[in-house]
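For reference, the structure is listed below as structure tokens.
In our numbering, the protein residues as written are 39 to 187.
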């Protein structure tokens, strides 16, 4: 800014530009300064987002550990019930998170899973969605095992 003021005042003194032209140029320069400065920051701001996007695409390109069976059936919606029959599950061959869990959820029923952190509430839902496979037992939707869906 100091260089612009010095150079502009020289131009005005030498009558190369009018005072009004210089003031207009100075005002425009000050208005453009912030946007130009922000554009200069863009690569640094965008870099973490680009790295995150790259990780997301790498994840999406990985093969699923849980594969659909060759003749998997489509679920059209819940008509009767969801059944957990003697379901057991553990992460990485560790201690069981769920052991011999059985219950039925009839269509139209609201079920609340309540318990302390780490008790397996989220795991119950993750198994239904097949984010993980049960270690033993079965989960079925309207009599169809979720592994066949």
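From the three backbone atoms N, C-alpha and C, an ideal C-beta is built for every residue, glycine too.
Residue range of the unbroken alpha helix (DSSP H) whose run includes residue i
i           : result
residue 87  : 57-99
residue 138 : Unbroken run through residue 138 is the beta strand (DSSP E), 134-144; no alpha helix (DSSP H).
residue 187 : Note, residue 187: premise wrong, no alpha helix (DSSP H); not H, not E.
residue 124 : No alpha helix (DSSP H) holds residue 124; the beta strand (DSSP E) holding it covers 119-128.
residue 148 : No alpha helix (DSSP H) contains residue 148, which DSSP labels as neither H nor E.
residue 159 : 159-166
residue 116 : From DSSP, residue 116 is part of no alpha helix (DSSP H); its letter is neither H nor E.
residue 156 : Note, residue 156: premise wrong, no alpha helix (DSSP H); not H, not E.
residue 42  : 40-51
Residue i classed as buried or exposed, judged by whether at least 16 other C-beta atoms fall within 10 angstroms
i           : result
residue 42  : exposed
residue 56  : exposed
residue 148 : exposed
residue 141 : exposed
residue 80  : exposed
residue 161 : buried
residue 172 : buried
residue 127 : buried
residue 88  : exposed
Distance CB(residue i)-CB(residue j) smaller than 9 Å
i           : j           : result
residue 176 : residue 121 : yes
residue 125 : residue 138 : yes
residue 145 : residue 117 : yes
residue 182 : residue 111 : yes
residue 187 : residue 74  : no
residue 164 : residue 119 : no
residue 168 : residue 143 : no
Cβ shell of residue i (< 7 Å), same chain only, five flanking positions each side left out
i           : result
residue 67  : 42
residue 129 : 135
residue 107 : 185 and 186
Nonlocal neighbours in the same chain, by C-beta distance under 6 Å from residue i, ignoring five residues either side
i           : result
residue 178 : 121
residue 174 : 126
Element boundaries [beta strand (DSSP E), containing residue i]
i           : result
residue 174 : 174-179
Residues near residue i in its chain [Cβ-Cβ closer than 8 Å; skip 5 each side]
i          : result
residue 47 : 60
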